[in-house]
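K.L.:
First the structure, which I've put down as C-alpha cells, then a few questions once you've had a look.
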C-alpha cells in the first residue's frame, strides 16, 4: 500500500510548505484540494497545472487526485478540472455526488444525477481521467452499498469510489468487509480518519452528536480495517484525512507511522 495526504488538513500551509512536509514524513502522494480556501482555486487550476505538477514531482510525490466540490451538472467547471488533471498527469478527479437533504425523493435525485453523470463519463474518457466519488454523509451515497448502486451504472475504468469509514461513522455505517466486497473493482482508495459519538444533557434530555477524534481512538478499528484490506488484496493509497484537533505535524508524522506499522505487521 502507499500513503498520501488530502491537502485540506494542511489548510494553514502554502503549496510549497505542504509538499515539503509531506516529503519530510515519507508520503508517496497528495490529493490536492481545489477550493478557494486552499490550495488551488478552481478558476486558477488550469493556469497553475504545470507549476503544481513540477512542484509535486520535485518532492517525489504523485498527484493522486484533484479533489473538487463540483457537482456532476457543472460541465464548464468539470472541463477545467479534467483539462488540468490531464496537464498534471493526474489520473483522477473527485466530483461531488448529488446531495440529499430529505426535501426531494431519493429516486428522483438519483435518476436525474444518473443522466447527467453519463455525459460526464464520456467527457472523462475523452480527457483520459477517472471520476472519483467519495462515500459522504449528506449525499445519495453515505454507505458503500449506495455508492456501489451509483457507481455500478458506469465503467469501473472511468468511475471509482473512495471508501471512507470515518465518514460512515456519522452516516452509512455497514460491516466494513461487506462494504469493500460490494464495491469490488470500483474501490479507488481509502480515506483514513476517525470519529466517535458523544452525548450531553440538554433540557433534561440526552442528545447525541459525533465529532472527529484521533485515528487510534474512534469507532473505526484501523487494525481490523487494514487486516481486511490486506485480505482482499488492496494495494492502493491510504490517504491521511485526519481532522482531529491534534497539531497537524503530529497528525502527519504519527498517522503514517501508525498505518505503516499495521500494514507491515
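Residue numbers (the working numbering): 386 to 650.
C-beta atoms are modelled at their ideal positions from N, C-alpha and C, and glycine is treated no differently.
The structure presented is a predicted model; accordingly, all values stated were derived computationally and were not measured.
#1: Measuring only the C-alpha atoms, how far is residue 608 from residue 461?
#2: Name the residue from 490, 613, 625, 592 whose alpha carbon lies nearest to the alpha carbon of residue 599.
#3: Name, in chain order, the residues that DSSP records as bridge partners for residue 481.
#4: Assuming contact is defined by CB atoms lying nearer than 8 Å, are residue 470 and residue 514 in contact in what I supplied?
#5: For residue 392, tell me which candidate among 563, 437, 497 has the shortest Cα-Cα distance.
#6: Kindly indicate which residue of 435, 419, 446, 386 has the alpha-carbon position closest to the one of residue 410.
#7: What residue from 583, 646, 475 has the CA that sits closest to residue 430's CA?
#8: According to the Cβ coordinates, are residue 644 and residue 577 closer than 8 Å?
#9: Can you grab the Cα-Cα spacing for the pair residue 580 / residue 563, in whole Å?
#10: By Cβ distance, which residues of its chain are closer than 6 Å to residue 603, with the 5 residues on each side in sequence left out?
#11: If I follow the unbroken beta strand (DSSP E) through residue 528, where does it start and stop?
#12: Checking the sheet assignment: what are the DSSP bridge partners for residue 605?
#13: So, for residue 535: in the same chain, excluding its five sequence neighbours on each side, which residues have a beta-carbon less than 6 Å away from its beta-carbon?
#14: Of the choices 588, 570, 481, whose alpha-carbon is the least far from that of residue 545?
#15: To the nearest angstrom, how far is the alpha carbon of residue 575 from that of residue 387?
#16: Taking only the alpha-carbon atoms, compute the straight-line gap between residue 555 and residue 442 and give it to the nearest angstrom.
#17: Whose C-beta lies closer than 7 Å to the C-beta of residue 424 among residues of the same chain, with five residues either side of it excluded?
#18: Look at the Cβ atom of residue 516, then the Cβ atom of residue 565, and state whether they are nearer than 8 Å.
#19: Pick helix, strand or coil for residue 538, following the three-state DSSP scheme.
#20: For residue 635 and residue 629, what's the separation of their Cα atoms in angstroms?
#21: In three-state DSSP terms, what is residue 412?
#22: Please report how far the alpha carbon of residue 473 lies from the alpha carbon of residue 590, in whole angstroms.
#23: Would you say the beta carbon of residue 499 comes nearer than 7 Å to a heavy atom of the ligand FAD?
#24: Which partner residues of residue 387 appear in the DSSP bridge assignment?
#25: To the nearest angstrom, how far is it from the Cα of residue 615 to the Cα of residue 491?
#26: May I ask which residues mark the beginning and end of the beta strand (DSSP E) holding residue 392?
#27: Roughly how many angstroms separate the alpha carbons of residue 465 and residue 456, rounded to a whole number?
P.N.:
According to the data block:
#1: Along the chain shown, read from residue 1 onward, the residue named residue 608 stands at position 223. Along the chain shown, read from residue 1 onward, the residue named residue 461 stands at position 76. Answer to the nearest angstrom: the Cα atoms are 42 Å apart.
#2: As a working mapping, residue 599 is identified with position 214 in the chain shown. Among 490, 613, 625, 592, the Cα nearest to that of residue 599 belongs to 625.
#3: Here the question's residue 481 lines up with position 96 in the chain shown. Note: residue 481 sits in a beta bridge opposite 456.
#4: On the chain shown, position 85 is the one that residue 470 refers to. On the chain shown, position 129 is the one that residue 514 refers to. Going by C-beta atoms, residue 470 is nearer than 8 Å to residue 514.
#5: Counting from one through the chain shown, the residue named residue 392 turns up at place 7. Closest by alpha carbon: 437.
#6: Within the chain shown, residue 410 is the residue found at index 25, counting from 1. Among 435, 419, 446, 386, the Cα nearest to that of residue 410 belongs to 446.
#7: Sequence index remark: in the chain shown, residue 430 carries index 45 (1-based). When only C-alpha atoms are compared, the closest one is 475.
#8: The sequence position of residue 644 within the chain shown is 259, counting from 1. The sequence position of residue 577 within the chain shown is 192, counting from 1. Their beta carbons are under 8 Å apart, which means residue 644 touches residue 577 by this criterion.
#9: Here residue 580 refers to the residue found at position 195 of the chain shown. Here residue 563 refers to the residue found at position 178 of the chain shown. Roughly 20 Å between the two C-alpha positions.
#10: Taking the first residue of the chain shown as 1, we reach residue 603 at position 218. Once the five neighbours on either side are set aside, the close Cβ partners of residue 603 are 579, 580, 581.
#11: Taking the first residue of the chain shown as position 1, residue 528 is located at position 143. Careful: residue 528 lies outside any beta strand (DSSP E) and carries neither H nor E.
#12: Looking up residue 605 in the chain shown gives position 220. Answer is none; residue 605 lacks a bridge partner.
#13: Here residue 535 is taken as the residue at index 150 of the chain shown, counted from 1. Same-chain partners within the cutoff: 526.
#14: Residue mapping note: residue 545 aligns to position 160 of the chain shown, counting from 1. Here the closest residue by C-alpha is 570.
#15: One-based indexing of the chain shown puts residue 575 at position 190. One-based indexing of the chain shown puts residue 387 at position 2. Going by the C-alpha atoms only, they are around 10 Å apart.
#16: Here residue 555 refers to the residue found at position 170 when the chain shown is read from its first residue. Here residue 442 refers to the residue found at position 57 when the chain shown is read from its first residue. So the two alpha carbons sit approximately 35 Å from each other.
#17: As a working mapping, residue 424 is identified with position 39 in the chain shown. Counting only Cβ-Cβ distances below 7 Å, and skipping sequence neighbours, we find 392, 400, 403, 417, 418.
#18: If you number the chain shown from 1, residue 516 lands on position 131. If you number the chain shown from 1, residue 565 lands on position 180. No, these two residues do not count as a Cβ contact at 8 Å.
#19: Reading the chain shown from its first residue, position 153 is the one you call residue 538. Note: residue 538 maps to coil in three-state DSSP.
#20: Residue 635 sits at position 250 when you count from the first residue of the chain shown. Residue 629 sits at position 244 when you count from the first residue of the chain shown. Near 11 Å, if we compare the C-alpha coordinates of residue 629 and residue 635.
#21: Locating residue 412 in the chain shown gives position 27, where the first residue counts as 1. Residue state, collapsed to three classes: coil.
#22: Against the chain shown, residue 473 aligns to sequence position 88. Against the chain shown, residue 590 aligns to sequence position 205. Their Cα atoms are separated by approximately 53 Å.
#23: As far as ligands go, the structure on display features none, and thus does not contain the ligand FAD.
#24: Locating residue 387 in the chain shown gives position 2, where the first residue counts as 1. Residue pairing for residue 387: DSSP places it in a beta bridge opposite 622.
#25: Counting from 1 along the chain shown, the entry for residue 615 is found at position 230. Counting from 1 along the chain shown, the entry for residue 491 is found at position 106. Straight-line Cα distance between these residues: approximately 34 Å.
#26: By one-based count along the chain shown, residue 392 stands at place 7. From DSSP, residue 392 is part of no beta strand (DSSP E); its letter is neither H nor E.
#27: By one-based count along the chain shown, residue 465 stands at place 80. By one-based count along the chain shown, residue 456 stands at place 71. Using only the alpha carbons, I get a separation of about 13 Å.
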